[in-house]
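Note that our numbering has the sequence shown beginning at 178, numbered continuously upward.
Before any comments, here is the structure.
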Amino acid sequence: MENQKKKIVVVMGATGAGKSKLAIDIATFINETNDKVPFPRFEIVNADSMQVYRGLDVLTNKVPLHDRKGVPHHMMGTIDPNVEFTSKLFRDLAIPIIDDILARGCVPIIVGGTNFYIQALVSPFLIDDIVVDLDEYILTDNSREEDSMPRCMEDQINQNSNNLSNDYNRLKEIDPIAANRIHPNDHRKVKRYLSLYSSSGILPSKLFQGKTSAKWGRPDRFRYDCCFVLIDASLPVIDKYVDDRVDSMIGDGLLDEVFNIYQPTADYTKGLRQAIGVREFEVFFSNFHVNNDKNFNLECSGSASVTNIRKFLKGNLGDFFNLVDEKQRTLLNESINNLKTNTQRLVRRQKRRFNQLRTLFGWELHCFDSTEALRGSENYWQKEVVEACISLVKTFWCDTSSTRLPKLDDYSNKLQSRDLWTQYVCKPCGDRILRGAHEWEQHKIGRKHRKRVSAFRKKYLPSLCKDTQVTDVIFMGHA
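This is the structure:
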């Protein structure tokens with residue numbers, strides 16, 4: 178029965194919206210309040226894909242110990258930075274922690290901006306699980322014989338698995354439907370699909386059809402009874418907050434952190450080096466050198482030693498700028514600006530993905546706006562965000578009904594089974610790839626897209642009619 182599921186609270190939000198602060202404020206308020214009816218204590222489980230790693234505390238914006246206000250934090254800085262930590266590994270480590278918190282009579286708050294970690298945690302279905310339970314699935318799959326992989330193809334995949342540039346084309350030959358679902362640069366997922374096919378002989382797209390796809394992300398299939406809190410803010414305000422936060426991080430030692438893990442020609446698709454802010458400084462560090470006339474004991478090789486560079490990085494940023502030439506100052510400025518820009522792009526991706534949880538999967542997200550709080554209104558934060566959210570959480574915790582789950586409409590069901598596997602290519606926007614009908618529809622209403630379509634039409638198609646269907650056919654292609 179639904180009301181027998183254990184209850185958890187999930188606080189989600191884009192980078193900079195205030196999700197970590199909100200979770201701590203909720204937990205602190207409830208843990209320190211003596212109500213007439215005692216309320217369980219709260220503990221936080223981190224679900225941020227980069228904060229789970231050890232290291233880069235400043236860059237990944239881990240909450241310092243003194244700011245946690247005594248609230249226990251789990252899955253924070255515990256994973257080796259060189260490990261390729263997947264959503265399956267996160268789920269397998271987080272579930273026992275959550276179960277232990279619940280067994281002690283406490284309430285787990287899952288906090289993060291990585292929606293696929295949260296999906297993996299609450300949903301009983303992952304593509305990684307299919308290989309484990311494959312025998313049972315194959316017994317009910319009539320297409321196994323025709324979809325089985327030839328031995329020569331398996332050998333080819335194993336021999337060439339390290340060639341990232343060819344992996345996507347290989348997947349497209351094997352399973353074009355699955356290839357259309359993912360971006361060509363998503364090397365991790367491409368390799369996962371190839372590995373799945375190599376070990377099972379079943380097309381990945383087949384595994385996401387029928388009853389298996391119905392399990393993924395559906396509220397009525399959740400592992401727990403969930404209260405989803407989404408903290409959000411307007412983009413201009415978050416953008417300014419991101420700019421200010423990056424500047425603050427530079428002053429707090431971000432450069433030193435990144436240099437500590439810097440390696441020339443490093444693999445930025447694995448482990449902690451995937452974090453935004455690592456790759457952005459590669460060109461700067463690779464070109465960094467200090468002239469010998471700066472009264473530092475440097476070697477005559479033309480490049481500073483690791484020890485001396487770290488001394489510079491730990492010093493005052495203004496003095497550091499004076500130590501490098503104009504080219505290096507330019508490279509450093511470009512690196513910092515790239516960090517800001519890429520973080521702001523991440524915010525937009527996160528917002529789109531959280532919206533998809535609601536529109537595609539039917540998740541009931543309770544939204545709280547932190548815009549005024551980010552502008553400096555502490556009173557607004559306390560009254561309109563924290564206290565309102567606490568009221569929601571208490572109501573959720575005391576509610577024993579099983580009727581809160583929303584029903585997915587026919588449109589969402591159709592998207593789950595079909596449109597999520599359709600890839601759209603926007604020609605006017607430089608062959609940008611959009612995955613699924615929802616992403617395509619959202620992209621079409623964007624201001625930049627509309628301007629590019631107008632310029633594209635004037636340049637290449639002056640006689641094009643303005644009918645929407647005709648426009649879609651010409652400006653969008655199914656890959």
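We put the CB at the ideal spot given by N, CA and C, even for glycine.
Since the model is a prediction, treat every value here as computed from it, not as a measurement.
- Counting only runs of 4 or more residues that sit fully inside the region 495-583, the alpha helix (DSSP H) segments are 503-536, 548-551 and 565-575, in chain order.
- For P605, the closest of H543, Y637 and M227 by C-alpha to C-alpha distance is Y637.
- Taking N515 as the centre and dropping the five residues before and after it, the same chain places the C-beta of E457 closer than 7 Å to its C-beta, in chain order.
- Under the three-state reduction of DSSP output, I201 falls in the helix class.
- The C-beta distance from L266 to K183 rounds to 22 Å, too long to meet the 8 Å contact threshold.
- Distance between R398 and S300, taken at the CA atoms: about 7 Å.
- Per DSSP, the continuous alpha helix (DSSP H) segment holding F461 begins and ends at E459 to S463.
- Using a 10 angstroms sphere on the CB of K625, the tally of other CB atoms stays under 16, which defines it as exposed.
- If you compare the alpha carbons of S382, E261 and V188 with that of T291, the shortest gap goes to V188.
- Counted as a single uninterrupted DSSP element, the stretch harbouring V288 is not any alpha helix (DSSP H) but the beta strand (DSSP E) occupying residues V284 to G289.
- In the DSSP annotation of this structure, the continuous segment of the alpha helix (DSSP H) that includes K628 starts and ends at R624 to Y637.
- Secondary-structure assignment with DSSP links M189 through a beta bridge to G289 and L407.
- Judged by DSSP secondary structure, N223 falls within the beta strand (DSSP E) whose first and last residues are F219 to N223.
- For E220, the number of other beta carbons within 10 angstroms of its own is at least 16, and it is reported as buried.
- In this structure, V435 and V455 form a Cβ contact; the two beta carbons are roughly 6 Å apart against a cut-off of 8 Å.
- As computed with DSSP, I256 is found in a beta bridge with Y230.
- Non-local C-beta neighbours of L270 in its own chain, meaning closer than 8 Å and more than five positions away in sequence, comprise M252, ordered along the chain.
- Note on geometry: alpha-carbon atoms of W574 and I185 lie some 9 Å from one another.
- Counting along the chain, the unbroken alpha helix (DSSP H) around I275 starts and ends at S264 to A280.
- A check of alpha carbon separations from T446 across Q559, S411, N362 and R634 identifies N362 as the nearest.
- DSSP places S300 in no alpha helix (DSSP H); its state is neither H nor E.
- Under the three-state reduction of DSSP, L348 is assigned to helix.
- Nearest Cα to T237 within the set G448, I622 and S372: G448.
- The Cβ atoms of D409 and G553 lie no closer than 8 Å to each other.
- The alpha-carbon of V406 is positioned some 11 Å away from that of D546.
- In the same chain as H543, and ignoring 5 residues on each side of it, the C-beta atoms closer than 6 Å to its own belong to V406 and L569, in chain order.
- The Cβ-Cβ distance between R245 and I275 does not fall below 8 Å.
- Assignment of H364 by DSSP, reduced to helix, strand and coil, places it in the helix class.
- Classified as exposed, I622 has fewer than 16 neighbouring CB atoms from the shown chains inside 10 Å of its CB.
- The alpha carbon of A565 has as its nearest neighbour, out of F206, D257, D277 and V235, the alpha carbon of F206.
- Looking at the backbone, the Cα of V602 and that of T507 are separated by about 35 Å.
- Separation of N519 and A452 (C-alpha to C-alpha, rounded to the nearest whole angstrom) is 11 Å.
- In the structure shown, the three-state DSSP call for R609 is strand.
- Your pair Q521 and V419 checks out as a contact, with CB atoms roughly 6 Å apart and the cut at 8 Å.
- D402 is bridged by DSSP to K184.
- Taking C-beta atoms under 8 Å as the contact rule, I287 and A194 fail to qualify, at a distance of about 16 Å.
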